[in-house]
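Step one of this worksheet: look at the structure below.
Numbering (my numbering), first residue to last: 60 to 218.
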(Lines of atoms letter the chains of each structure in order from A and count residues from 1; the text may use other names and numbers.)
(Lines give C-alpha, C1' and ligand atoms only; values in the text may rest on other atoms or scores of the structure.)
Protein backbone atom coordinates (compact mmCIF):
# COMPACT_ATOMS: atom_id res chain seq x y z
CA UNK A 1 0.00 0.00 0.00
CA UNK A 2 1.40 3.38 -1.00
CA UNK A 3 0.91 5.54 2.09
CA UNK A 4 2.56 8.60 0.51
CA UNK A 5 -0.04 8.69 -2.26
CA UNK A 6 -2.80 8.76 0.35
CA UNK A 7 -1.42 11.64 2.42
CA UNK A 8 -3.41 14.39 0.57
CA UNK A 9 -6.60 12.43 1.21
CA UNK A 10 -5.65 11.97 4.85
CA UNK A 11 -5.09 15.73 5.19
CA UNK A 12 -8.52 16.38 3.69
CA UNK A 13 -10.15 13.93 6.09
CA UNK A 14 -8.41 15.49 9.06
CA UNK A 15 -9.44 18.98 7.97
CA UNK A 16 -13.10 18.07 7.54
CA UNK A 17 -13.40 16.49 10.98
CA UNK A 18 -16.36 14.47 12.16
CA UNK A 19 -20.04 15.26 12.14
CA UNK A 20 -20.22 14.28 15.80
CA UNK A 21 -23.92 15.00 16.22
CA UNK A 22 -24.66 12.33 13.65
CA UNK A 23 -21.93 9.99 14.91
CA UNK A 24 -20.40 9.84 11.43
CA UNK A 25 -16.63 9.83 11.29
CA UNK A 26 -14.48 10.01 8.16
CA UNK A 27 -12.03 7.13 8.13
CA UNK A 28 -8.63 7.39 6.46
CA UNK A 29 -8.10 4.62 3.88
CA UNK A 30 -4.68 3.65 5.27
CA UNK A 31 -6.17 3.22 8.73
CA UNK A 32 -9.13 1.21 7.43
CA UNK A 33 -6.86 -1.02 5.32
CA UNK A 34 -4.59 -1.93 8.22
CA UNK A 35 -6.83 -1.86 11.28
CA UNK A 36 -10.10 -2.70 9.56
CA UNK A 37 -8.68 -5.94 8.20
CA UNK A 38 -9.14 -7.57 11.63
CA UNK A 39 -11.92 -5.53 13.26
CA UNK A 40 -14.05 -2.46 12.67
CA UNK A 41 -11.75 0.51 12.20
CA UNK A 42 -12.95 2.40 15.25
CA UNK A 43 -13.26 6.14 14.64
CA UNK A 44 -10.16 7.86 16.03
CA UNK A 45 -12.38 10.55 17.61
CA UNK A 46 -13.74 7.99 20.07
CA UNK A 47 -10.50 7.60 22.04
CA UNK A 48 -8.03 10.09 23.46
CA UNK A 49 -4.62 10.78 21.94
CA UNK A 50 -2.98 9.15 24.98
CA UNK A 51 -5.07 6.00 24.53
CA UNK A 52 -4.20 5.81 20.82
CA UNK A 53 -0.51 6.32 21.64
CA UNK A 54 -0.66 3.45 24.13
CA UNK A 55 -2.44 1.25 21.60
CA UNK A 56 0.12 2.00 18.88
CA UNK A 57 3.04 1.37 21.26
CA UNK A 58 1.69 -2.08 22.10
CA UNK A 59 0.71 -3.45 18.67
CA UNK A 60 2.98 -6.44 19.21
CA UNK A 61 0.51 -7.58 21.88
CA UNK A 62 -2.75 -6.10 20.58
CA UNK A 63 -5.49 -7.91 22.51
CA UNK A 64 -3.79 -11.28 22.09
CA UNK A 65 -2.48 -10.71 18.56
CA UNK A 66 0.69 -9.33 17.01
CA UNK A 67 -0.56 -6.41 14.94
CA UNK A 68 2.87 -4.91 14.31
CA UNK A 69 3.18 -2.60 11.29
CA UNK A 70 6.15 -1.61 9.17
CA UNK A 71 7.64 1.67 10.44
CA UNK A 72 6.33 3.91 7.63
CA UNK A 73 2.76 2.61 7.94
CA UNK A 74 2.99 2.77 11.74
CA UNK A 75 4.05 6.43 11.57
CA UNK A 76 1.28 7.35 9.11
CA UNK A 77 -1.47 5.64 11.11
CA UNK A 78 -0.19 7.05 14.42
CA UNK A 79 -0.35 10.54 12.87
CA UNK A 80 -3.94 9.97 11.73
CA UNK A 81 -4.98 8.72 15.17
CA UNK A 82 -3.29 11.61 16.98
CA UNK A 83 -4.76 14.23 14.63
CA UNK A 84 -8.30 12.88 14.94
CA UNK A 85 -8.24 11.78 18.59
CA UNK A 86 -10.76 13.11 21.06
CA UNK A 87 -9.88 15.80 23.57
CA UNK A 88 -12.91 14.99 25.73
CA UNK A 89 -12.46 13.13 29.01
CA UNK A 90 -15.51 10.97 28.31
CA UNK A 91 -13.51 9.35 25.49
CA UNK A 92 -10.62 8.29 27.75
CA UNK A 93 -10.30 4.59 28.47
CA UNK A 94 -6.86 4.47 30.12
CA UNK A 95 -4.93 1.39 31.11
CA UNK A 96 -2.23 -0.57 29.33
CA UNK A 97 -4.70 -1.81 26.69
CA UNK A 98 -7.29 0.96 26.24
CA UNK A 99 -10.69 -0.30 25.14
CA UNK A 100 -13.28 1.88 23.46
CA UNK A 101 -15.92 -0.08 25.37
CA UNK A 102 -14.40 1.20 28.65
CA UNK A 103 -15.00 4.89 27.90
CA UNK A 104 -17.76 6.79 29.69
CA UNK A 105 -19.19 7.85 26.33
CA UNK A 106 -19.46 4.28 25.06
CA UNK A 107 -20.99 3.01 28.30
CA UNK A 108 -23.60 5.79 28.22
CA UNK A 109 -24.47 5.21 24.55
CA UNK A 110 -24.75 1.43 25.06
CA UNK A 111 -26.51 1.26 28.42
CA UNK A 112 -29.23 -1.38 28.73
CA UNK A 113 -32.24 0.95 28.47
CA UNK A 114 -30.92 2.55 25.28
CA UNK A 115 -30.26 -0.88 23.75
CA UNK A 116 -33.82 -1.92 24.61
CA UNK A 117 -35.22 1.21 22.96
CA UNK A 118 -33.48 0.21 19.73
CA UNK A 119 -34.39 -3.46 20.21
CA UNK A 120 -30.69 -4.22 20.22
CA UNK A 121 -29.03 -7.26 21.68
CA UNK A 122 -25.24 -7.31 21.83
CA UNK A 123 -23.67 -10.02 19.71
CA UNK A 124 -22.34 -13.08 21.53
CA UNK A 125 -18.68 -13.00 22.45
CA UNK A 126 -16.15 -14.75 20.26
CA UNK A 127 -12.57 -15.64 21.15
CA UNK A 128 -11.46 -12.59 19.13
CA UNK A 129 -13.95 -10.01 20.36
CA UNK A 130 -16.18 -8.90 23.17
CA UNK A 131 -19.91 -8.60 22.32
CA UNK A 132 -20.09 -4.80 22.27
CA UNK A 133 -16.92 -4.55 20.19
CA UNK A 134 -18.74 -6.12 17.23
CA UNK A 135 -20.13 -2.79 16.05
CA UNK A 136 -21.44 -4.09 12.74
CA UNK A 137 -23.92 -6.32 14.56
CA UNK A 138 -26.08 -3.26 15.28
CA UNK A 139 -24.56 -0.48 13.16
CA UNK A 140 -25.24 -1.24 9.49
CA UNK A 141 -22.56 1.15 8.23
CA UNK A 142 -19.94 0.79 10.97
CA UNK A 143 -17.32 -0.12 8.38
CA UNK A 144 -17.92 3.31 6.80
CA UNK A 145 -17.59 5.18 10.11
CA UNK A 146 -21.35 5.75 10.42
CA UNK A 147 -22.61 5.06 13.93
CA UNK A 148 -25.67 7.31 13.77
CA UNK A 149 -29.03 6.17 15.06
CA UNK A 150 -30.39 6.20 11.49
CA UNK A 151 -27.96 3.43 10.58
CA UNK A 152 -28.93 1.15 13.47
CA UNK A 153 -30.28 -2.25 12.56
CA UNK A 154 -33.44 -3.37 14.34
CA UNK A 155 -33.77 -6.88 15.71
CA UNK A 156 -35.73 -7.81 12.56
CA UNK A 157 -32.99 -6.64 10.18
CA UNK A 158 -30.15 -8.21 12.18
CA UNK A 159 -31.02 -11.78 11.26
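For glycine and all other residues, C-beta sits at the position ideal for the given N, C-alpha and C. Since the model is a prediction, treat every value here as computed from it, not as a measurement.
{"Asked": "Three-state secondary structure assigned by DSSP to residue 150", "Found": "helix"}
{"Asked": "Heavy atom of the ligand NAP within 8 Å of residue 124 beta-carbon", "Found": "Ligands displayed in this structure: none; no statement on the ligand NAP is therefore possible."}
{"Asked": "Residue from 155, 150, 196 and 167 with nearest C-alpha to residue 102", "Found": "150"}
{"Asked": "In DSSP terms, what residue 12 is bridged to", "Found": "Any property of residue 12 remains undetermined from this structure, which presents the chain solely from 60 to 218."}
{"Asked": "C-beta neighbour in chain C for residue 192, strict 9 Å", "Found": "Chain labels in this structure do not include chain C; a single protein chain is all it has."}
{"Asked": "Straight-line gap, residue 159 to residue 119 (C-alpha atoms, nearest Å)", "Found": "19 Å"}
{"Asked": "Neighbour-count burial assignment, residue 131, 16 or more Cβ in a 10 Å radius", "Found": "exposed"}
{"Asked": "Burial state of residue 89, where buried means 16 or more other Cβ atoms lie within 10 Å", "Found": "buried"}
{"Asked": "Proximal residues to residue 152 (C-beta, below 7 Å), its chain only, five neighbours per side dropped", "Found": "106, 110, 158, 159, 161 and 162"}
{"Asked": "Burial state of residue 100, where buried means 16 or more other Cβ atoms lie within 10 Å", "Found": "buried"}
{"Asked": "Close beta carbons around residue 169, own chain, < 7 Å, minus the five adjacent residues each side", "Found": "191"}
{"Asked": "Short Cβ contact (9 Å threshold) for residue 155 with residue 117", "Found": "yes"}
{"Asked": "Whole-number beta carbon distance between residue 207 and residue 86, since they are thought to touch under 8 Å", "Found": "In fact, because the Cβ distance is near 14 Å, the residues do not count as touching under 8 Å."}
{"Asked": "Beta-ladder partner(s) of residue 129, from DSSP", "Found": "Answer is none; residue 129 lacks a bridge partner."}
{"Asked": "Same chain, Cβ closer than 7 Å to residue 127, five either side skipped, listed in chain order", "Found": "118 and 119"}
{"Asked": "Per-residue burial, residue 97 [other beta carbons within 10 Å of its own, 16 or more giving buried]", "Found": "exposed"}
{"Asked": "C-alpha gap between residue 140 and residue 92, whole angstroms", "Found": "14 Å"}
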